[in-house]
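Note sheet for the following structure.
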Amino acid sequence: MGQLDGRVAIVTGSGRGIGQAIALRLARDGASVVVNDIDEAPARETIALIESLGARAVACNGDVTAPDFGTRVVDTAVNAFGGCHVVVNNAGYTWDSVIQKMSDEQWYAIIDVHLTAPFRILRAFSDHLRPAVDAERREGRRIVRKIVNVSSTSGTNGNAGQVNYSAGKAGIMGMTRTLAKEWGRYDVTVNAVAFGYIQTRLTKPLAEGEGGSIDIQGRTVKIGVQAGRLSAMNQMIPLGRGGLPEEAAGSVYLFCSPDSDYVSGQTLVVNGGA
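Be aware that the sequence shown starts at 31, since it is given in the numbering used here, and climbs by one per residue.
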């Protein structure tokens, strides 16, 4: 038996990269997973991988910043699997500029995906949480639910050229600490994981032509990192490399598992020792 047998998890941005690795890690330990991506094809791929493990999955695709997405994704979990026990707010991207060149559109796009979207998802989750906990307690059952918000070392330390992203990722840590205080009485732990350099499509080197773009609400945003900056980042990491998505997923899994039932309101920095 897996530690997450009978649990239902929502993982946003789980069609690729860290999110996909998280979804697979949870499914491998028994969770049923609501998969999300802004594009359908990556979500289908993740669902197929989960089903190959003998676990269950369903998609709730689309832009997490849509006003109705929070309600829709929680309803998907409840309707498909009968409840919701784990929420991992992972979806996101970067759109960098120094502040004097940053438009309002850049600012709000990144704040919306990294801060407003998790707020709406967790607000919708709270509407399910309270009646579910009341029913469980009447039956003499105690279930510890888990919230994991993905942050960044840009939020803990700041990072030049990322005032929007840094603000959003700092904000999600504040949300984490606050909800840990609000929801402790419902047996919900709320934690964050702040990643440093993890090897995903968002951090592929632009100079080698590996960087790409994503289309968000009719806009095309270039993604990737300058090769020189990646080299400098590696030199600053005592382990000498960026982390793998599977390694990132392991730290998130800790906060989703019963091993962390008495850990709440914390931010775990995962950066190879930098």
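C-beta: ideal position from N, C-alpha, C; glycine also.
When the options are compared against residue i, the one with the closest alpha-carbon
i: Trp-213; options: Met-31, Ala-147, Ile-80 and Val-163; result: Val-163
i: Ala-61; options: Ala-71, Thr-42 and Leu-83; result: Leu-83
i: Val-118; options: Arg-249, Leu-56 and Arg-160; result: Leu-56
i: Asn-109; options: Arg-259, Leu-79, Phe-285 and Cys-90; result: Cys-90
i: Ala-96; options: Ser-133, Asp-59 and Phe-149; result: Phe-149
i: Ile-140; options: Glu-81, Asn-194, Ala-85 and Lys-211; result: Asn-194
i: Val-178; options: Gly-32, Thr-42, Asp-35 and Ala-262; result: Thr-42
i: Ile-68; options: Glu-75, Val-94 and Ala-87; result: Val-94
i: His-115; options: Gln-136, Ala-85 and Val-63; result: Val-63
i: Ser-281; options: Gly-302, Ser-261 and Ala-262; result: Gly-302
Contact check, residue i vs residue j, beta carbons under 9 Å
i: Ala-147; j: Phe-99; result: yes
i: His-144; j: Val-104; result: no
i: Pro-275; j: Ile-77; result: no
i: Pro-235; j: Val-255; result: yes
i: Asp-59; j: Tyr-283; result: yes
i: Ala-222; j: Val-174; result: no
i: Val-299; j: Ile-228; result: no
i: Met-203; j: Thr-186; result: yes
i: Ser-287; j: Lys-211; result: no
i: Ala-107; j: Ala-279; result: no
i: Gly-36; j: Asn-66; result: no
Close beta carbons around residue i, own chain, < 6 Å, minus the five adjacent residues each side
i: Asp-126; result: Gly-191 and Gln-192
i: Gly-184; result: Going by the sequence as given, residue 184 is Ser instead of Gly. Excluding residues within five positions, the ones whose Cβ falls inside 6 Å are Gln-192, Tyr-195, Ser-196 and Lys-199.
i: Ala-304; result: Gly-226, Met-266 and Ile-267
i: Ser-182; result: Lys-199, Ala-224 and Phe-225
i: Leu-209; result: Val-220
Three-state secondary structure assigned by DSSP to residue i
i: Pro-288; result: helix
i: Ile-253; result: strand
i: Asp-67; result: coil
i: Lys-199; result: helix
i: Leu-152; result: helix
i: Ala-96; result: coil
i: Pro-268; result: coil
i: Lys-234; result: coil
i: Ser-127; result: strand
i: Arg-86; result: coil
i: Gln-50; result: helix
Cβ separation of residue i and residue j, assumed to be a contact under 8 Å, to the nearest whole Å
i: Ile-246; j: Arg-231; result: 14 Å between Cβ atoms; not a contact.
i: Gly-45; j: Ala-73; result: 5 Å
Contacting residues, own chain, Cβ-Cβ under 7 Å from residue i (five flanking each side not counted)
i: Val-251; result: Tyr-123, Trp-125, Ser-243 and Ile-244
i: Asn-207; result: As written in the sequence, residue 207 is Arg, which differs from the Asn given in the question. These residues qualify, in order along the chain: Gly-295.
i: Leu-79; result: Leu-54
i: Arg-102; result: Cys-90
i: Gly-188; result: Ser-196
Beta-carbon proximity list for residue i, same chain, < 8 Å, skipping 5 on both sides
i: Arg-153; result: Gly-100
i: Gly-32; result: Arg-58, Asp-59, Gly-60 and Ala-61
i: Asn-264; result: Tyr-227, Gly-270, Arg-271 and Gly-272
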